[in-house]
């Protein structure tokens, strides 16, 4: 029996996370038997769950239909009518529910390793609307000011705290859908979601690539961190972690529902670059016990 000594971290990034789906399609049968646990955030959680549900083809067709007619990603004038400014919340929820149908939920619940999904709890000292605005604007500003910083710091400094839930513990499609959308909650695109009465935001406010969760997986001696942004140097070894990033920016944009072809291109980039990254992963896995 293969020893389960590997943690895998799936970064968020909206549509960019589908780069990871391309990698999984090439590596899933190779890596998952060795996986002790996974750490996910935002759309990275959706991508892993989609792979585990084994419903990619059905979900792709469903998403294409659900987003049909979307010509703009945001319409501020909708707010004047009390309607959501963006279609993403409706489409994302419906697509996630569809993924979990027809045995999808049961296949995820049967995973032989924990599937940690990161969300962010609000600071205690700020009203929720203020905290949402400050947190999301701060996140965007930090990315602009420090584009090579993989793990953001400002969210924690503002008082956002991590809340991680194992997706396998969700009992119904509705519960798991709420968890995925809470991890991705980025107003005005997707709304704040409450779980057990606690409002939660996108886990990226704490860490968009939650390797700190992967590092705590029982039995894992190494952590493969799959990023969704292109960083200087597509591969970085740091202690027990190996970071892998796209070799160049992916075609799609984080919240673009208007151009499905770009999403397909992003998946294909992951498929192609799996071969580029594989030697580094093989070396990483072949190394003796990794401390750090």
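Residue numbers (this note's numbering): 15 to 306.
Quick reminder that beta carbons are idealized off the backbone N, C-alpha and C, glycines included.
Local conformation of residue 178 per DSSP, three classes: strand
Check whether residue 279 and residue 87 have beta carbons under 8 Å apart: no
Rounded separation between residue 180 and residue 125 - CA only: 11 Å
Buried or exposed (CB count within 10 angstroms, at least 16 for buried), residue 253: exposed
Distance, residue 95 Cα to residue 258 Cα: 44 Å
Three or more C-beta pairs below 8 Å linking the region 115-131 and the region 54-72: yes
Given residue 23 as reference, the closest of 106, 164, 29, 78 once Cα atoms are compared: 164
Meets three-Cβ-pair contact criterion under 8 Å: the region 130-150 and the region 166-186: yes
Given residue 111 as reference, the closest of 101, 135, 67, 97 once Cα atoms are compared: 67
Segment contact, 8 Å Cβ cut-off, at least three pairs: the region 105-124 with the region 71-90: yes
Inter-residue Cα distance where the pair is residue 78 and residue 84: 10 Å
The region 237-255 contacting the region 16-36, beta-carbon criterion three pairs below 8 Å: yes
Sub-8 Å separation of residue 25 and residue 58 beta-carbons: yes
Residue 164, enclosing beta strand (DSSP E) - first and last residue: Note, residue 164: premise wrong, no beta strand (DSSP E); not H, not E.
Coarse secondary structure for residue 152, derived from DSSP in three states: helix
Segments assigned alpha helix (DSSP H), at least 4 residues, entirely inside the region 49-121: 57-67, 70-80, 102-113
Rounded straight-line distance, which links the Cα of residue 302 to that of residue 108: 44 Å
Span separating the alpha-carbon of residue 246 from that of residue 262: 9 Å
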